[in-house]
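Q: My questions will all concern the structure given below.
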Amino acid sequence: GQVTFAQDKFIIVQSTTSTQNSGLFDYLLPIFTDKTGIEVRVVAVGTGQAIKNAANGDGDVLFVHSKPSEEKFVADGLGVSRADVMYNDFVIVGPTSDPAGVAGSEDVVASLKKIAEAKAPFASRGDDSGTHKAELRLWKAAGIDPSEASGDWYSETGSGMGATLNAGTGMGAYVLTDRATWISFGNKGDFEVLVEGDPVLFNQYGVILVNPQVHEHVKAEMGQEFIDWLLSDEGQSAIADYKVDGQQLFFPNAG
Amino acid sequence: MRDAAFDMTASPSTLPQPNGGEPLLDVRDLRFSAGGEQLLKGVDLTIRKGSRTLIMGPNGAGKSLLLRLMHGLLQPEHGRIFWQGAPMGRQARLAQAMVFQRPVLLRRSVLANLKFALSVRGLSGKARAGRIETALATAGLSHLARRPARVLSGGEQQRLSLVRALACEPELLFLDEPTANLDPASTVAIENLVLEANARGITIVLVTHDAGQAKRLGEEVVFLQDGQVAEKGPAGEVLTNPQSEPVRAWRDGRIYLGPNTRTIRDHASL
Amino acid sequence: MRDAAFDMTASPSTLPQPNGGEPLLDVRDLRFSAGGEQLLKGVDLTIRKGSRTLIMGPNGAGKSLLLRLMHGLLQPEHGRIFWQGAPMGRQARLAQAMVFQRPVLLRRSVLANLKFALSVRGLSGKARAGRIETALATAGLSHLARRPARVLSGGEQQRLSLVRALACEPELLFLDEPTANLDPASTVAIENLVLEANARGITIVLVTHDAGQAKRLGEEVVFLQDGQVAEKGPAGEVLTNPQSEPVRAWRDGRIYLGPNTRTIRDHASL
Amino acid sequence: MSSFWDALGGAFGLVVALDPDLMEIIGLSMQVTLTAVLFACLIGLPLGAAVGTFHFPGRSLVAVILNALMGLPPVVVGLLVYLLLSASGPLAPLRLLYTPAAMVIAQVILVTPIVAALTRQVIEDLNREYSEQFASMGVGRLDRMTAMLWDARYSLLTVALAGFGRAVAEVGAVIIVGGNINHVTRVMTTTIALETSKGNLQLALALGVILLLIAFAVNSCVMALRASAVRAAYA
Amino acid sequence: MSSFWDALGGAFGLVVALDPDLMEIIGLSMQVTLTAVLFACLIGLPLGAAVGTFHFPGRSLVAVILNALMGLPPVVVGLLVYLLLSASGPLAPLRLLYTPAAMVIAQVILVTPIVAALTRQVIEDLNREYSEQFASMGVGRLDRMTAMLWDARYSLLTVALAGFGRAVAEVGAVIIVGGNINHVTRVMTTTIALETSKGNLQLALALGVILLLIAFAVNSCVMALRASAVRAAYA
Ligand SMILES: Nc1ncnc2c1ncn2[C@@H]1O[C@H](COP(=O)(O)OP(=O)(O)OP(=O)(O)O)[C@@H](O)[C@H]1O
Ligand SMILES: Nc1ncnc2c1ncn2[C@@H]1O[C@H](COP(=O)(O)OP(=O)(O)OP(=O)(O)O)[C@@H](O)[C@H]1O
Ligand SMILES: [Mg+2]
Ligand SMILES: [Mg+2]
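Residue numbers (the working numbering), protein chains in the order written: chain A, 1 to 255; chain B, 256 to 525; chain C, 526 to 795; chain D, 796 to 1030; chain E, 1031 to 1265.
Rendered as structure tokens:
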């Protein structure tokens, strides 16, 4: 550790837009700060940018949802260790008119095939984020290469989840989104969840302490305290308690 | 000074008609202030149709201001200006033209300056080309037609702005020291031009500091001093036999230390 | 015309010294072109210390250009200018001052214009205040000190720019038609001011179209015509008994239809 | 920053190799920006000239509003256009959302106030010199405006270039109404934003350098044209 | 758009109720923007004046570069400043990343070229009038610049306001170097971007309207000060 001045009693968490946009942090962090006096400053950016920023040492804790990238981060020695914190799931949302007729399906791969056959508009994040990577895995499972239709029925928005949802509702396109962002999203229009419940739609969040041996100014003690609290019974139940419109957004699964 | 209340209600037709042409422009108890100071202090003036009126007086007397007001470029603070019996309007200004003391030329060639002025009056094509040619020849600027107007010499600029105004064939022409920067030959030429224009029926109002010019051109002289008319009358009389102290002082090249001079010291060393 | 090759190598000390003061400014075969035309075509001129030189000539002859070149504001295309024997530099310009034909005043008050000019010369505090007061009184502008300089009348602007230049106490003063817009009293006053300054040792170079003024002020007259010196010599001789046709034409108020006039028609109606 | 030079080299390599994807993006950037600046000038120049020339009640209010609109946040403009064009918006039938046309609309809204506000200032300064002469000549309103726009054209070039700078650099509005859709509405700035969010910071920077070079080229062309026009005017 | 009016009403309610969160955000916006504009003017005014006044080799190149830099993409500026200030960057010891100071730095880089390029044009126009008189008087370089900056001050106000507009509306750069951290670096524009990505479009728009009103208020104050200064000068 290092000497910590009063005004220095904060840590920086590099995280993704889904945790921020869903309002989870607004709920969670005051509880932690009240208890420990440690302020948590969240920088919410794309997964890739968050990992890059953390690799540069511009954060004490990394809190994202892209397991392979996270494991590589630790394997590269940039992070101390990785722990599962919570999960939620992906869903496919789309217009109630449902031009591809996928409503009510629990088979996401079959649904994607239908969408591709119908050439129904589909908005992809196209930004290499955790969500985008998950989507690409699903297309691959369906045996479809949507990039061939890029600019046609398949739109890569190259933007965050919220921006992609805005685009989707704007153009009436199906979107694969994490449930948390969707539930707290304010511009739903006539969209609703059409496909959900497929086990492959599982979305795991992990937390990593940035390696203080690589970046010596990393506030390891306070960062670890935050991680420990997230993984503790208290942190886990706080996550479970966070609800929007009566719906639980994240499901704790530490340990 | 006249009674303002009376003048405000006076209509030009009720005023005595001076002999000569009928009144073209009537100025009644004109006052004007700027920057917190009264610069014109009740000027009465009648410009008769076809006449040549010379406005004279020391620097800062208000000659240029008076021209601006008569031309409708400034709004009087008090008093009235009538154009052919009716209050001044845009129509009146279109029948007038003015050559400013400091010529304002567009950032274009000599030719384009003339073109612009004429096309504003609705002229184009052959008619315009003809007039432009005449104007250029008159100003002795034919060989400079394509030069940017801003690089002309002082005298050339003055000549250009004069023929630009004349080319518009106004009924009334205001000239503010139009020969100040001209060589003797150009001065003679411009004076002849003014007399010719006047002979064609164009009414002339000219500001000058040159007593010789005033005698050559003037019919009527209006002598301004400190924003007021000190004396007016036929040019011969006013200039050769002035009745007022300001004109006498002016003629002798003296400073008039009248009641409105703030301190004697102000002008002492001039 | 002189041989250019010779002039380029000539140093002023090898040149014959005219009687009177030593040469302050030497102009050798000066040529200048702009817009594709040669406007000065080889001018030779010596300004002696303490002298009064009048530059005269018709509009567009190149008088103002010559002043600009002598003051170092333009670079000659050919030929040389020497200041006290050495090539012109910034130092020379600081010893000179110029009153432009069209006064350039800062967008500030009359007072601030004077303040600025003097502080550029390193004056401030009491010394500056004193000089400003004198300058304002000299120009008869004391009561207008706080007025924005841009709203002054034409004559007031000219007087202001003159005293602004004088206040800097130059060794050499260029005056480009400084009384063109002045009333008779101011003209007399400015002429006296110029004579006084000259008596204090300030060398004067003055452009004018006024033959009377030339006679009153002039020692040396240089007559320019079409970018060339048509005649030069003592004022009395040149003006009363001109040897060259251009000056004779000028004196008689005629247009000189010399070899360089493009067409007769150009100037015919002027 | 050695990885930056690698990225820059790589990006230049793509340009030199005329990589079709990058060319498409650069082309669309220029097309959208130049169209937007053209329209912004068509509206902003006369508008600014009118406010700078004429006296009418509320004139200074209009001037202040134009100045304030220079601070129009791109995201807000994007949202506004999005709400107008979106499927549930009033202009939905035009089906312009997520097309280059939508991006042009957003940029026109963004750039017009800049052009208008700066034009107002330039024309107001010139008008101080010309207005009495024009009034004396009886020049009509339209003629006054066009004459001053013409005579101030060299100063107004800088104004147009300021508008170009704003448009070419802009990302907040175009990403909302264009959606940064690959092969459809992806331009330089949205690509830079995307690469940034992917964590490809060096590539993003390299693309930024290329964008700046393009802006530099456009500015150079404009200034060269201007210089030759000035020369022609004096020849 | 009735929900927009609700949102606007709600947002105004927050302003009227002096909602501490919103006040904090507005306050930081103004603080960052005004500081940035101040520095941008301190650099850009003399720089633009120098380029507009003096003849030196490469002068027109510098003018073109300044013009081109008006098209500096905010994201690129953000990245550049990020890479400089990042823990692995050369200026890491300053520990400025994710602080308002970093946002100011980014905005200064963004706004300075705008101020400088527009100043150059204004001063160049004035210099055409003054330069001979100044040369005649032997006015030194510094005095020339300051005299012209002073005499052109009313026109330059519009330039400064253009810089203010750019800074106050800017989001791309400040979100990268500031991080949009609640209570630390969250300003109006990043809040608008955040609410947009949350899909709270109406709230985002309402915040945009408030931002515009603030910009309008700032412009009004500046113009009112100007007007009273003009009046004082003529009194
Ligand atoms: N806007 C203004 N504010 C303050 N004073 C002004 C304004 N306009 C003109 N003046 C003053 O009014 C007076 C008269 O100006 P005017 O230009 O009419 O003089 P003039 O008689 O034409 O003199 P000159 O022979 O020098 O041209 C001058 O003292 C001038 O300073
Ligand atoms: N930059 C330029 N480009 C083209 N022609 C120019 C330029 N500058 C001056 N001239 C021309 O040079 C000639 C001489 O100009 P100058 O101002 O020296 O005349 P002047 O003798 O002072 O005349 P005036 O008595 O009218 O003041 C004029 O015909 C003018 O049009
Ligand atoms: Mg006058
Ligand atoms: Mg001259």
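Note that the Cβ used here is the ideal one computed from N, Cα and C, for glycine as well.
Please read these numbers as outputs of a predicted model, since none were measured by experiment.
#1: Going by DSSP, name the residue or residues bridged to residue 1120 of chain E.
#2: Which residues, taken in chain order from the segment 304-336 of chain B, show a beta carbon closer than 8 Å to some beta carbon of chain D?
#3: I'd like the span of the beta strand (DSSP E) that includes residue 63 of chain A, first residue to last.
#4: Short of 8 Å Cβ to Cβ, which residues in the segment 984-1000 of chain D face chain A?
#5: If residue 440 of chain B sits next to residue 780 of chain C, beta carbons under 8 Å apart, how far is it from one beta carbon to the other, in whole angstroms?
#6: Is there at least one Cβ from chain B nearer than 8 Å to residue 775 of chain C's Cβ?
#7: Out of B/314, B/494, B/307, point me to the one whose CA is closest to residue 683 of chain C's CA.
#8: Pairs of beta-carbons, one from the segment 427-443 of chain B and one from the segment 337-353 of chain B, closer than 8 Å: are there three or more?
#9: Going residue by residue through the segment 24-84 of chain A, where are the continuous beta strand (DSSP E) segments of at least 3 residues, counting only ones entirely within it?
#10: Cβ of residue 411 of chain B versus every heavy atom of ligand 2: is any distance shorter than 7 Å?
#11: Can you list, in chain order, the stretches of the alpha helix (DSSP H) that have 4 or more residues and sit fully within the segment 137-186 of chain A?
#12: Can you look up residue 486 of chain B in the DSSP assignment and give me helix, strand or coil?
#13: How close, in whole Å, do the beta carbons of residue 131 of chain A and residue 198 of chain A come, if the pair is a contact with beta carbons under 8 Å?
#14: Can you say whether residue 1209 of chain E is buried or exposed, counting buried as having 16 or more other CB atoms within 10 angstroms of its CB?
#15: Helix, strand or coil: which one does DSSP assign to residue 662 of chain C?
#16: Hey, would you say the C-beta of residue 931 of chain D is under 7 Å away from at least one heavy atom of ligand 3?
#17: Could you give the DSSP three-state label for residue 1097 of chain E: helix, strand or coil?
#18: Opposite residue 283 of chain B in the DSSP bridges: which residues?
#19: Hey, would you say residue 905 of chain D sits closer than 8 Å to residue 869 of chain D, going by beta carbons?
#20: Measuring CB atoms only, is the segment 201-218 of chain A touching the segment 87-103 of chain A, in the sense that at least three cross pairs come out at less than 8 Å?
#21: Residue 820 of chain D: which of D/963, D/955, D/997 sits nearest, CA to CA?
#22: Quick one: give me the first and last residue of the beta strand (DSSP E) that residue 296 of chain B is part of.
#23: Closer than 7 Å by C-beta to residue 96 of chain A: which residues in its own chain qualify, once you throw out the five before and the five after it? Chain order, please.
#24: Given residue 42 of chain A, which residues of its chain have a CB within under 7 Å of its CB, disregarding the five upstream and five downstream residues?
#25: Taking 8 Å as the threshold (beta carbon to beta carbon), is residue 625 of chain C in contact with chain E?
#26: So if DSSP puts residue 949 of chain D in a beta bridge, which residue, or which two residues, is it bridged to?
#27: Under a three-way DSSP split, which group does residue 15 of chain A fall into?
#28: Any contact of the segment 585-593 of chain C with the segment 554-572 of chain C, i.e. 3+ C-beta pairs under 8 Å?
#29: I'd like to check one pair, residue 749 of chain C with residue 586 of chain C: are the Cβ atoms closer than 8 Å?
#30: Shorter than 8 Å from the beta carbon of residue 892 of chain D to some beta carbon of chain A?
#31: Shortest alpha-carbon distance to residue 1056 of chain D belongs to which of E/1109, E/1093, E/1045, E/1068?
#32: Output needed for residue 416 of chain B: all residues of its chain with C-beta closer than 6 Å, excluding positions within five of it in sequence on either side, in chain order.
#33: May I have the straight-line CA-CA distance separating residue 577 of chain C from residue 1142 of chain E, to the nearest angstrom?
#34: Got a sec: does ligand 3 put a non-hydrogen atom nearer than 7 Å to the Cβ of residue 356 of chain B?
#35: How should residue 756 of chain C be labelled, buried or exposed, when 16 other C-beta atoms within 10 angstroms of its C-beta is the threshold for buried?
#36: If contact is defined by three or more beta carbon pairs under 8 Å, each pair taking one atom from either stretch, is the segment 1224-1231 of chain E in contact with the segment 1147-1156 of chain E?
A: Put simply:
#1: Paired residues: none, contrary to the question.
#2: 323, 326, 327, 328
#3: 61-64
#4: Those residues of the segment 984-1000 of chain D that come within reach of chain A (Cβ to Cβ, closer than 8 Å) are 985, 986, 988, 989, 991, 992, 993, 994, 995, 996.
#5: Indeed, because the Cβ distance is near 5 Å, the residues count as touching under 8 Å.
#6: yes
#7: Nearest of B/314, B/494, B/307 to residue 683 of chain C, Cα basis: B/314.
#8: By the Cβ criterion, the segment 427-443 of chain B is in contact with the segment 337-353 of chain B, since at least three pairs of Cβ atoms, one from each stretch, lie closer than 8 Å.
#9: 39-45, 61-64
#10: yes
#11: 161-171, 179-184
#12: Secondary structure at residue 486 of chain B: strand, using DSSP grouped into helix, strand and coil.
#13: With a Cβ gap of about 15 Å, residue 131 of chain A and residue 198 of chain A do not count as contacting.
#14: buried
#15: helix
#16: Outside the cutoff, so no.
#17: helix
#18: B/335
#19: Yes, the pair counts as a contact, with Cβ atoms nearer than the cut-off.
#20: yes
#21: Taking only the C-alpha atoms, the option nearest residue 820 of chain D is D/963.
#22: 292-303
#23: 190, 192
#24: 13, 15, 20, 25
#25: yes
#26: DSSP, once it has assigned bridges, lists no residue as partnering residue 949 of chain D.
#27: strand
#28: yes
#29: yes
#30: yes
#31: For residue 1056 of chain D there is no data in the structure shown, the boundaries of chain D being 796 and 1030.
#32: 354, 358
#33: 52 Å
#34: yes
#35: buried
#36: no
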